[in-house]
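Q:
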Amino acid sequence: MRIESAEVIVTSPGRNFVTLKLTTSDGITGLGDATVNGRELAVASYLTEHVVPLLLGRDAANIEDTWQYLYRGAYWRRGPVTMAAIAAVDVALWDIKAKAAGMPLYQLLGGASRRGALAYGHASGSTVEALFDSIRNHLDLGFRAIRVQTGVPGLGQVYGVATDQRPGERYDYEPARRSVADGRSLPVEETWDTAAYLRHIPTVFEAVRNEFGPDLPLLHDGHHRMTPIEAARLAKDLEPYRLFWLEDATPGEDQTALRLIRRHSTTPLAIGEVFNTAFDYQTLITERLIDYVRSAVPHTGGITHLKRLVEFAGLYGVRTGFHGPTDVSPVGMAAALHLDIAVHNFGIQEYMQHSATTLEVFRTSYTFADGLLHPGDNPGLGVDLDEEAAARFEYIPAYLPVNRRLDGTVHDW
Ligand code: CS2
Ligand code: MG
589 MRIESAEVIV TSPGRNFVTL KLTTSDGITG LGDATVNGRE LAVASYLTEH VVPLLLGRDA
649 ANIEDTWQYL YRGAYWRRGP VTMAAIAAVD VALWDIKAKA AGMPLYQLLG GASRRGALAY
709 GHASGSTVEA LFDSIRNHLD LGFRAIRVQT GVPGLGQVYG VATDQRPGER YDYEPARRSV
769 ADGRSLPVEE TWDTAAYLRH IPTVFEAVRN EFGPDLPLLH DGHHRMTPIE AARLAKDLEP
829 YRLFWLEDAT PGEDQTALRL IRRHSTTPLA IGEVFNTAFD YQTLITERLI DYVRSAVPHT
889 GGITHLKRLV EFAGLYGVRT GFHGPTDVSP VGMAAALHLD IAVHNFGIQE YMQHSATTLE
949 VFRTSYTFAD GLLHPGDNPG LGVDLDEEAA ARFEYIPAYL PVNRRLDGTV HDW
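Going by the working numbering, the first residue of the sequence shown is number 589, and it counts up by one from there.
The following block contains the structure:
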């Protein structure tokens, strides 16, 4: 079963996505998500110019060999663009192999370890009152775990706060957008004040616990914006509210920084959505500085590498909490769900829910019921891409916002 053709499909149904479609000599197709938010065309070019020519004629069954060939063969290794390109090839080959075997992908990963994957949704509000409405909306949508993000008094738009939410509908927040100046697309700029944020967030969780009780699993995303001591302060202040996790409390590439947070708090920590190999976690996992691995399949070299990372993490009691925003496409989401169902040290799955426009292009078979996600039992990943629909949505340059502190200093967004 040789790889006969490879197409890189860039489409923008509600937001930009890059998808790799492989077709074998037996006519079996496989899909892989190659979307890196704000840098989509870099991955599309890496695939088109440097990977696709190497794939044609290769045996589609040799997934591990292809992974090593693309990782070691590139010489220049790791990094978001390289690992997203490798991930797309890897997932497409797993999709093909499972279709050829006539079984859902998770059956090739060891079969089901659970009946479904606990999902968490994104509640948010520019005020605590709006946040309460959003939490109720997500409970009505069936979520049994909720991420809580709010505005910060005195600041405008900040990360994670949806601009408009309609009752009974999904969380509507797409951070990637653009401002246009002299015909050029530029990132939107937002303003940040960590001190105001650190004062405000503990009052938000006290209000949420008073309103919704002590049992609802609550998560919060610090989104890389605190220094280690600031993160230790917030993790300590949030201890009374018993969060499921505090995510990206501090930029994770400085892995030893989390020793400081651990010294001050038992609030569980999650990190890794911007990482792209297991090596980024080495200290974090072996020193048990985190409790959850946040990677997404499309950003961490695909199923082959992420499964390796998850098994390593499991040796240290670290569980999964795969990244599942709308900029991980339904193909990347489905790949995560097959791993979620199969691995032993599953923790939770982020589920931001794609828009109806996105789902016009990506036809999914995963389900969400009783707070749990399931990839479905169609052969392969269980996702099809409607290429005619995809062609209707032209790529639109979009960037993630740039954050600046009150004095104008560039800060993490
Ligand atoms: C966020 C992401 O979902 C999360 O945890 O950190 O939404 C992140 O902001 C986006 O993936 C960036 O593209
Ligand atoms: Mg995050």
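All C-beta atoms, glycine included, are put in the ideal place defined by N, C-alpha and C.
1) Within a Cβ cutoff of 6 Å, which residues of the same chain sit near Q745, ignoring the five residues on either side of it in sequence?
2) Whole angstroms is fine: what's the gap from L848's alpha carbon to A922's?
3) From this set, V862, E875 and Y939, which residue's C-alpha is nearest G889's C-alpha?
4) Can you give the beta carbon distance from G618 to L681, rounded, assuming they're within the 8 Å contact cut?
5) Which residue wins for smallest C-alpha separation from A733, given the options N798, I723, A648 and Y880?
6) Taking its Cβ as the centre, do 16 or more other Cβ atoms sit within 10 Å of Q737, making it buried, or is it exposed?
7) Which one of T838, E875 and A819 has the shortest CA to CA distance from H852?
8) For the stretch 759-778 against the stretch 977-989, are there 3 or more C-beta pairs whose distance is under 8 Å?
9) Within 8 Å, do at least three Cβ pairs link the stretch 819-835 to the stretch 780-789?
10) Would you say T654 and R666 are within 8 Å of each other, going by their C-beta atoms?
11) Where A705 and G996 are concerned, what is the direct C-alpha to C-alpha distance, given to the nearest angstrom?
12) May I have a chain-ordered list of the beta strand (DSSP E) segments no shorter than 3 residues that lie completely inside the stretch 866-916?
13) Shorter than 7 Å, the distance from the beta carbon of D728 to the closest heavy atom of the ligand CS2, or not?
14) Taking C-alpha atoms, which residue in E652, A649 and A707 lies nearest to G959?
15) Which value, in whole angstroms, describes the spacing of the CA atoms of E652 and R813?
16) Name the two residues that bound the continuous beta strand (DSSP E) containing E778.
17) Residue range of the beta strand (DSSP E) that D836 falls in?
18) Among residues of its own chain, excluding the 5 on either side of R896, which ones have a beta-carbon nearer than 8 Å to its beta-carbon?
19) How long is the line joining the alpha carbons of W780 and V596, rounded to whole angstroms?
20) With respect to the beta strand (DSSP E) encompassing A649, which residues constitute its N-terminal and C-terminal limits?
21) Confirm the yes/no value for this check: CB of A764, any heavy atom of the ligand CS2, distance under 7 Å.
22) Under the three-state reduction of DSSP, which class applies to G920: helix, strand or coil?
23) Okay, do the stretch 695-702 and the stretch 670-680 touch, 3+ Cβ pairs below 8 Å being the bar?
24) Suppose the cutoff is 8 Å on Cβ atoms and the five residues either side in sequence are ignored; what does the same chain contact list for L927 look like?
25) Can you give me the C-alpha to C-alpha distance between K685 and G968, rounded to a whole angstrom?
26) Among residues of its own chain, excluding the 5 on either side of N625, which ones have a beta-carbon nearer than 7 Å to its beta-carbon?
27) Could you give the first and the last residue of the continuous beta strand (DSSP E) run that contains L774?
28) Going by other Cβ atoms of all chains shown within 10 Å of its Cβ, with 16 needed for buried, is V919 buried or exposed?
A: According to the data block:
1) Position 157 of the sequence shown holds residue 745. These residues qualify, in order along the chain: E778.
2) The residue labelled residue 848 in the question sits at position 260 within the sequence shown. The residue labelled residue 922 in the question sits at position 334 within the sequence shown. Their backbone Cα atoms lie some 36 Å apart in a straight line.
3) As a first step, residue 889 is located in the sequence shown; it is residue number 301 there, counting from the start. Out of V862, E875 and Y939, V862 has the C-alpha closest to the C-alpha of G889.
4) The residue labelled residue 618 in the question sits at position 30 within the sequence shown. The residue labelled residue 681 in the question sits at position 93 within the sequence shown. Yes, they are in contact, since the Cβ atoms of G618 and L681 sit about 6 Å apart, within 8 Å.
5) As a first step, residue 733 is located in the sequence shown; it is residue number 145 there, counting from the start. The option with the nearest alpha carbon to A733 is I723.
6) To locate residue 737, count along the sequence shown from 1; it is residue 149. Buried, since its Cβ has 16 or more Cβ neighbours within 10 Å.
7) Reading the sequence shown from its first residue, position 264 is the one you call residue 852. Comparing Cα-Cα distances from H852 to each of T838, E875 and A819, the minimum goes to A819.
8) yes
9) yes
10) Position 66 of the sequence shown holds residue 654. Position 78 of the sequence shown holds residue 666. Not closer than 8 Å, so no.
11) Residue mapping note: residue 705 aligns to position 117 of the sequence shown, counting from 1. Residue mapping note: residue 996 aligns to position 408 of the sequence shown, counting from 1. Distance between the alpha carbons of A705 and G996: 42 Å.
12) none
13) Counting from one through the sequence shown, the residue named residue 728 turns up at place 140. Result no, Cβ not under 7 Å from the ligand CS2.
14) Your numbering for residue 959 matches position 371 in the sequence shown. Of the candidates E652, A649 and A707, the one whose C-alpha sits nearest the C-alpha of G959 is A707.
15) Translated into the one-based positions of the sequence shown, residue 652 becomes position 64. Translated into the one-based positions of the sequence shown, residue 813 becomes position 225. Roughly 37 Å between the two C-alpha positions.
16) Translated into positions along the sequence shown, residue 778 becomes position 190. From DSSP, the beta strand (DSSP E) with E778 extends over E777 to W780.
17) In the sequence shown, counting from the first residue as 1, residue 836 sits at position 248. Run containing D836: none; DSSP gives neither H nor E here.
18) What you label residue 896 is simply residue 308 of the sequence shown in a count that begins at 1. So the list reads A866, once near-sequence residues are dropped.
19) Numbered from 1 along the sequence shown, position 192 holds the residue referred to as residue 780. Numbered from 1 along the sequence shown, position 8 holds the residue referred to as residue 596. Rounded to the nearest angstrom, the two C-alpha atoms are 37 Å apart.
20) Locating residue 649 in the sequence shown gives position 61, counting from the first residue. No beta strand (DSSP E) holds A649; DSSP gives it neither H nor E.
21) Start at 1 with the first residue of the sequence shown, and residue 764 comes out as number 176. Yes, since a heavy atom of the ligand CS2 falls inside the 7 Å radius drawn around the Cβ of A764.
22) Walking along the sequence shown from the start, residue 920 turns up at place 332. Residue state, collapsed to three classes: helix.
23) no
24) One-based indexing of the sequence shown puts residue 927 at position 339. For L927, where only same-chain residues beyond five positions count, the Cβ hits under 8 Å are Y694, L697, V885, I891, L894, K895, V898, T908 and F910.
25) Your numbering for residue 685 matches position 97 in the sequence shown. Your numbering for residue 968 matches position 380 in the sequence shown. Near 7 Å, if we compare the C-alpha coordinates of G968 and K685.
26) Here residue 625 corresponds to residue number 37 of the sequence shown, with the count starting at 1. Excluding positions up to five away in sequence, the list reads A764, D915 and L988.
27) Locating residue 774 in the sequence shown gives position 186, counting from the first residue. It spans R772 to L774 - the beta strand (DSSP E) in which L774 sits, taken as one unbroken run.
28) Here residue 919 is taken as the residue at index 331 of the sequence shown, counted from 1. Looking at its Cβ environment, which holds 16 or more other Cβ atoms inside 10 Å, V919 is buried.
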